[in-house]
Amino acid sequence: MNALGQHILVEFVGCDPNVLNEVTTIEQGMLAAADRANATIINSTFHYFSPYGVSGVVVIQESHLAVHTWPEYRYAAVDLFTCGDDVDPWKAFDYLKDVFKAQNYSALETRRGSLNLLTRIDFEPAELREQFKKYMKEGRIERNVWLTDKDENIALSLRHTGEVLYDERTPYQHVKVLNTYAFGKTLTLDNMIMCTEKDEFHYHEMMSHPLMMAHGNVKNVLVIGGGDGGVVREVLRHDSVQKVTMVEIDGKVVEAARLHLPQIAVAFDDPRLDLRIEDGIKFVANAPEDTYDLIVVDSTDPIGPAEGLFSEAFYRNCHRILNKNGAMIVQGEAPRFNEQVFLDIHQTLKSIFGPKNAHIMLFHVPTYPTGVWSGQIGVKGSFNPAEFDEAKVSEFCRIQQLKYYSPEIHKASFVLPPYVKEMIGR
Numbered sequence: 026m027n028a029l030g031q032h033i034l035v036e037f038v039g040c041d042p043n044v045l046n047e048v049t050t051i052e053q054g055m056l057a058a059a060d061r062a063n064a065t066i067i068n069s070t071f072h073y074f075s076p077y078g079v080s081g082v083v084v085i086q087e088s089h090l091a092v093h094t095w096p097e098y099r100y101a102a103v104d105l106f107t108c109g110d111d112v113d114p115w116k117a118f119d120y121l122k123d124v125f126k127a128q129n130y131s132a133l134e135t136r137r138g139s140l141n142l143l144t145r146i147d148f149e150p151a152e153l154r155e156q157f158k159k160y161m162k163e164g165r166i167e168r169n170v171w172l173t174d175k176d177e178n179i180a181l182s183l184r185h186t187g188e189v190l191y192d193e194r195t196p197y198q199h200v201k202v203l204n205t206y207a208f209g210k211t212l213t214l215d216n217m218i219m220c221t222e223k224d225e226f227h228y229h230e231m232m233s234h235p236l237m238m239a240h241g242n243v244k245n246v247l248v249i250g251g252g253d254g255g256v257v258r259e260v261l262r263h264d265s266v267q268k269v270t271m272v273e274i275d276g277k278v279v280e281a282a283r284l285h286l287p288q289i290a291v292a293f294d295d296p297r298l299d300l301r302i303e304d305g306i307k308f309v310a311n312a313p314e315d316t317y318d319l320i321v322v323d324s325t326d327p328i329g330p331a332e333g334l335f336s337e338a339f340y341r342n343c344h345r346i347l348n349k350n351g352a353m354i355v356q357g358e359a360p361r362f363n364e365q366v367f368l369d370i371h372q373t374l375k376s377i378f379g380p381k382n383a384h385i386m387l388f389h390v391p392t393y394p395t396g397v398w399s400g401q402i403g404v405k406g407s408f409n410p411a412e413f414d415e416a417k418v419s420e421f422c423r424i425q426q427l428k429y430y431s432p433e434i435h436k437a438s439f440v441l442p443p444y445v446k447e448m449i450g451r
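If you read the sequence shown in the numbering used here, its first letter stands for residue 26, the second for the next number, and so on.
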């Protein structure tokens with residue numbers, strides 16, 4: 026080769042959109058392509074951008090392989106740059122064409138650093154090479170694979186090992202479990218973070234205990250969603266509970282939690298639990314009146330199978346099947362994320378339960394967008410969820426060794442900052 030480097034700019038068209046949206050498949054494919062090209066791999070860095078798109082680079086001793094994908098267009102742009110006679114980027118090209126299942130492609134090859142135009146100088150930094158050899162990591166590839174959960178304005182990135190512990194596409198969603206470095210095993214649905222080992226208790230404790238402690242005598246509970254098992258685990262800590270009916274539309278979420286998040290799914294075998302894999306919206310519509318003391322709606326964001334869980338008709342059916350002193354709590358989004366949905370939920374609960382019986386509770390979840398989340402409450406009875414027996418809560422928290430909920434947190438969660446009060450018109 027009469028040049029220092031060989032550069033191929035590739036456009037893959039008509040690719041499999043599911044492949045183009047899988048960061049682990051792409052990262053592994055790019056590593057394998059570099060290996061096929063006889064390159065020496067140094068490290069890899071890849072990001073997944075929720076809801077779609079992957080960007081990444083494999084750094085090789087002979088330069089790099091880079092990619093960016095647009096699943097919504099079934100398109101991938103790939104940059105293969107190698108130097109030296111022993112590396113063949115066209116072998117990498119052939120391999121990636123199969124990985125992406127491309128129906129068509131275009132490729133432009135150029136030679137970089139023409140030797141006819143360059144003159145080599147006497148530059149042999151042998152002494153420097155020996156000096157820095159002790160810092161080199163021999164035989165180890167540094168992998169940087171990232172999950173980025175984002176909308177058009179906000180993003181959160183977690184680095185993970187690159188391995189997928191659980192990966193199932195169901196009729197409802199894409200269920201995965203990844204192992205992240207900062208937050209441990211992480212359950213994602215359609216590549217959106219649902220819970221992590223490190224901070225799941227923030228959400229699950231707050232979606233259960235404040236309302237149950239304020240009520241004081243919850244016996245019959247309905248949980249809609251909650252396939253990871255966290256809410257069920259917390260609800261069943263209460264001795265008063267006689268029965269919990271959990272209705273989860275996707276059995277694969279339960280399976281993933283059982284296999285890889287057993288400390289969250291620990292209560293699935295409790296004899297008080299009636300676990301049903303079916304549509305929660307239909308279940309609520311057909312349930313008898315005046316049945317439940319508590320309903321917990323532990324849903325995803327209002328897209329896909331969860332969209333109907335945010336409708337007025339669903340909330341009215343929940344009100345109907347609560348007993349006269351019952352209450353419900355809804356995963357209520359955040360005042361600085363999905364703001365309109367946050368407001369819509371509050372207004373709908375006000376219209377159904379009455380202005381004085383619609384409450385908002387705020388708490389922190391580090392891996393949820395903006396870090397501040399809400400539980401929105403509708404009370405059919407006369408009790409106020411902000412009022413509770415402090416001594417009883419203190420003892421409960423001590424015995425159960427809770428890690429987020431406490432008497433102080435209970436009080437603080439119902440204190441809304443001025444900007445939220447302004448949003449909801451208080």
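Even glycine gets a Cβ: it sits at the ideal position worked out from N, Cα and C.
For residue i, the residue or residues it bridges with in DSSP
i: Leu1; result: Only positions 26 to 451 of the chain appear in this structure, which leaves residue 1 out of reach.
i: Ile33; result: Leu105, Glu134
i: Glu167; result: Asn68
i: Glu273; result: Ile302
i: Trp95; result: Tyr100
i: Met353; result: Ile320, Gly403
i: Leu181; result: Asp174
i: His89; result: Val84, Phe106
i: Asn129; result: Val38
Distance CB(residue i)-CB(residue j) smaller than 9 Å
i: Val309; j: Ile274; result: no
i: Arg262; j: Phe421; result: yes
i: Val397; j: Pro360; result: yes
i: Arg99; j: Gly30; result: no
i: Arg2; j: Val202; result: Past the edges of the chain, shown from 26 to 451, lies residue 2, and the structure says nothing about it.
i: Met217; j: Gly400; result: no
i: Pro391; j: His227; result: yes
i: Val44; j: Phe125; result: yes
i: Phe106; j: Ser88; result: yes
i: Val79; j: Ser69; result: no
i: Phe12; j: Ala127; result: Given a span of 26 to 451 for the chain in the structure shown, any question on residue 12 remains unanswerable.
i: Val48; j: Leu133; result: no
i: Asp318; j: Ala352; result: yes
i: Ile354; j: Leu236; result: yes
i: Val248; j: Val269; result: yes
i: Val260; j: Val243; result: yes
i: Glu230; j: Ile289; result: no
i: Leu427; j: His240; result: no
i: Gly138; j: Ala59; result: no
i: Leu121; j: Gly54; result: yes
i: Ala64; j: Glu193; result: no
i: Lys307; j: Val200; result: no
i: Asp111; j: Leu34; result: no
i: Phe408; j: Asn350; result: yes
i: Gln356; j: Gly250; result: yes
i: His389; j: Ile449; result: no
With 16 other Cβ atoms within 10 Å as the buried cut-off, status of residue i
i: Ala338; result: exposed
i: Lys405; result: buried
i: Gly23; result: Any question about residue 23 goes unanswered here, given that the chain covers just 26 to 451.
i: Ile424; result: exposed
i: Glu314; result: exposed
i: Asp264; result: exposed
i: Arg258; result: buried
i: Lys417; result: exposed
i: Thr135; result: exposed
i: Asp215; result: buried
i: Ala180; result: exposed
i: Glu52; result: buried
i: Glu358; result: buried
i: Thr205; result: buried
i: Thr213; result: buried
i: Pro287; result: exposed
i: Asn46; result: buried
i: Asn342; result: buried
Collapsed DSSP secondary structure at residue i in the structure displayed
i: Asp253; result: coil
i: Arg61; result: helix
i: Tyr191; result: strand
i: Val44; result: helix
i: Gly54; result: helix
i: Ser139; result: strand
i: Ala312; result: coil
i: Asn348; result: strand
i: Phe335; result: helix
i: Val291; result: coil
i: Tyr73; result: strand
i: Leu286; result: coil
i: Thr49; result: helix
i: Val440; result: coil
i: Thr144; result: coil
Segments of 3+ residues assigned as beta strand (DSSP E) that fall wholly inside the stretch 379-430: 383-389, 397-404
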